[in-house]
Amino acid sequence: MSHTTLLLIAAAGVVTLLLLILRAKVQPFVALVVVSIGVALAAGVPAADLVKTIEDGMGSTLGHIATIIALGAMIGRIIELSGGAAAFAHSLIDRFGSKRTPLALTVAGFVLGIPVFFEVGLIILMPIAYGVARASRKPLLVYALPMGAAMLTVHAFLPPHPGAVAAAQAIGADQGLVLLMGIPVTAVVILLGYLISRRMTRREYPMDPALHAEIYGEEATSRAVEADEAPGAPGVPGVDGGSTPAGATARADDGHGTAVLIKPAPTTTTPAVRPPSFGTVLALIVTPILLILAGTLGQNLLADGSALRAVLTVLGAPMVALLIDVALCAYVLGARRGWDRAHIGSVMTSALPPVAMVILVAGAGGVFGKVLVASGIGDAIADVLDRTGLPALFLAFLTALALRAAQGSATVALITTAGILTPLLQRADLSTGQLSLVALAMGAGGLSVSHINDAGYWMFTKLAGLDVASGLRTWTVLTTTMGFIGFGLTAALWPLV
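For this note's numbering, count along the sequence shown from 1 and bump the result up by 838.
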C-alpha cells in the first residue's frame, strides 16, 4: 500500500476520532479502540493479527503505567483525606505572609499538584482561595488564577500524571530524567505564569453574583450587581449559555460527559484529628521524586556491577518508589494518626475508581500507537515529517497543541502525539536526554489552549465564577502563554543534552 494511501487512512482515523469524541459524545476509550480497529483493517493488517495487535498495544502500555497511575492516585487520596493538603496550603500562607498569599497558593498548587490530580487539587485549594479573598477583599481571581494554572502545568508536564507517564513510556524517555529536567522547567513556567497573572488580574472581571455573595457578603454583591446592570454589561452564563447558580452541577460540553462541580464540597478529614505538619506532607511528596532521581543518577554515574547502583536502580524504579511512598503515607498519615487498617484500605480503594477510565484511555492510546506501527502508517508519517525538516522537539509540541485544541483532553493529546511520533523518534536516534525533552515539549503542547471543549476549563471558570468570555481572556490565554514558555525552555535545554 502506498504512503499516500496510508496517510489518508491515518488522517481519516484522526478526524473520525475527533468526530466521535466531540460530535457523537462517545467515551474516549471506546472511540480510540473503535478507530484503532478501523484504521488497522483499512491499512491492511490481517484479520488474524488484529486481536493480537490490540492486546499487544494495550498490554505494553498498561504494563508500565497502570501501576504508576494507581499508586500516585492513592498517595494523593491519603494526603487529601488526612487533611494534609489543606494544612500544607495554610502553612505556606502563614510562611509567605498576607502580601504574598497569591504566591503561596501558587507554590501550594505546584507542590500539591505532583501527587494530587488537577480536579481534586482545585476542589481542595479553591475553598482556601475563597477564604483568603474574603479576608483581603481582593478579587478571587488574584489567588485562583495562578494557583489553578500551576496545578494544570504539573498535570501536563510531570509523572505520575497519566499523560506524562504514557508519553514518556511510549517514546522511550527515562522518567527520572523527565523529572530531573521537568521539575525546574515546570517551576520556572509556573513562576513566570504567576507574574503574568498579576498583570492580568489588575482589572476586574464579571463574577457570578451567587458566588460573589458567598465570598464577599450580600451587601457587597448588591453594589457589584448594580454596577454591572448598566446597558451592555456582561451576564454570567453557565455551561449551556444560561445562568448556573452556585452549588449546582453542570455538564461540560467537552465530549467526555464530565460532571463539573460549580461549588466545591468541603473536604472531610476522617477521623477528626490534628492535621499533619507542613514538613511531614512535604517529605511524603518529595520522597518518591528523590528515589526516582537517585535511581537515574545511579545508573548514569555508578559503574556496572556496583551493589549501590543495583540498590538505587530498584529503589528508583517509579513503581517501587511510589509503592514505598504509599506505605509511608498509610503509616505516617493513617495508622500513626488513628486510622485502622480497614479505613486505610478503604481510602486507598476510593482512589481507584476516578482513575480507572484514565488508565483505560491511556491503554487505548497505546493500542492506537501499536496499530500505526503494525500497519506501516507510522513509517509513512515519519517519512512525511522527515521531509518537513522541522525539529522533532517542535513537531512534538505542535502536534500535542493541535490535538489539545481540537479535542480538549491533555491526556488524550499527549498519548496520541506519542503514538504518531514514535516511528519518527526511533528513526532519529535521539539520546535518552533528548527523548525526555521531547516528552516535556509534548507536555507544553498539552498545557496550551485549554478552552471550551476542556472539562478543566469549565471546572476552573465555574469555581472562579467567570463567564465564558472572561475565562477565555484569562485562563485560556494564561495556560497557552505558559505552554509556549515551557516549549521555549525545553528548546533552550536541547543543546545541553
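All C-beta atoms in this analysis are idealised placements derived from N, C-alpha and C, irrespective of residue type, glycine included. All values reported here derive from a predicted model rather than from experimental measurement.
According to the Cβ coordinates, are L996 and G1020 closer than 7 Å? yes
Cα-Cα separation between N1138 and S929, rounded to whole angstroms: 37 Å
Reduced DSSP category for H1336 - H, G, I as helix; E, B as strand; rest coil: Because residue 1336 is not part of the residues shown, which for the chain are 839 to 1335, the question remains open.
If you count every other CB in all the chains shown that lies within 10 Å of the CB of F940, and 16 or more means buried, which is it? Note on identity: in this sequence residue 940 is Pro, with Phe being the wrong assignment. Result: buried.
Here's a check: name, in chain order, each residue in its chain whose Cβ is nearer than 6 Å to the Cβ of L856, leaving out the five neighbours to either side. A1244 and Q1245
Whole angstroms is fine: what's the gap from R1346's alpha carbon to G1216's? The structure shown has nothing for residue 1346, since the chain only spans 839 to 1335.
Quick one: Cα of K890 to Cα of T1270, how far? 29 Å
Cβ pair I892, P1000 closer than 7 Å: no
Enumerate in chain order the residues of its own chain whose CB-to-CB distance from R1265 is below 6 Å, with the five nearest sequence positions on each side excluded. A1220
Under the three-state reduction of DSSP, which class applies to T1039: helix, strand or coil? coil
Could you tell me which uninterrupted alpha helix (DSSP H) segments, each at least 4 residues in length, are contained entirely in the segment 1233 to 1315, listed from first to last along the chain? 1248 to 1266, 1270 to 1285, 1293 to 1301 and 1306 to 1309
Host alpha helix (DSSP H) of G986 (start-end): L979 to F995
Applying the criterion that 16 or more other CB atoms from any shown protein chain within 10 Å of the CB defines a buried residue, is A1180 buried or exposed? exposed
Considering only residues of the same chain and omitting the five flanking positions on each side of V1003, which have a CB-CB separation below 6 Å? I903, I906 and P997
Assuming contact is defined by CB atoms lying nearer than 7 Å, are L1275 and L1236 in contact in what I supplied? no
Are three or more beta carbon pairs between the segment 860 to 880 and the segment 1193 to 1208 nearer than 8 Å? yes
Which of helix, strand or coil DSSP assigns to H999: coil
Output yes or no for whether 7 Å exceeds the beta carbon distance between P984 and Y1032. yes
For S898, the first and last residue of its enclosing alpha helix (DSSP H): A885 to L919
So, at 6 Å on beta carbons, what are the nonlocal neighbours of M989 in its own chain, with the 5 sequence-adjacent residues on each side left out? G947, G951, F956 and G959
May I ask you to report which of helix, strand or coil DSSP gives W1177? coil
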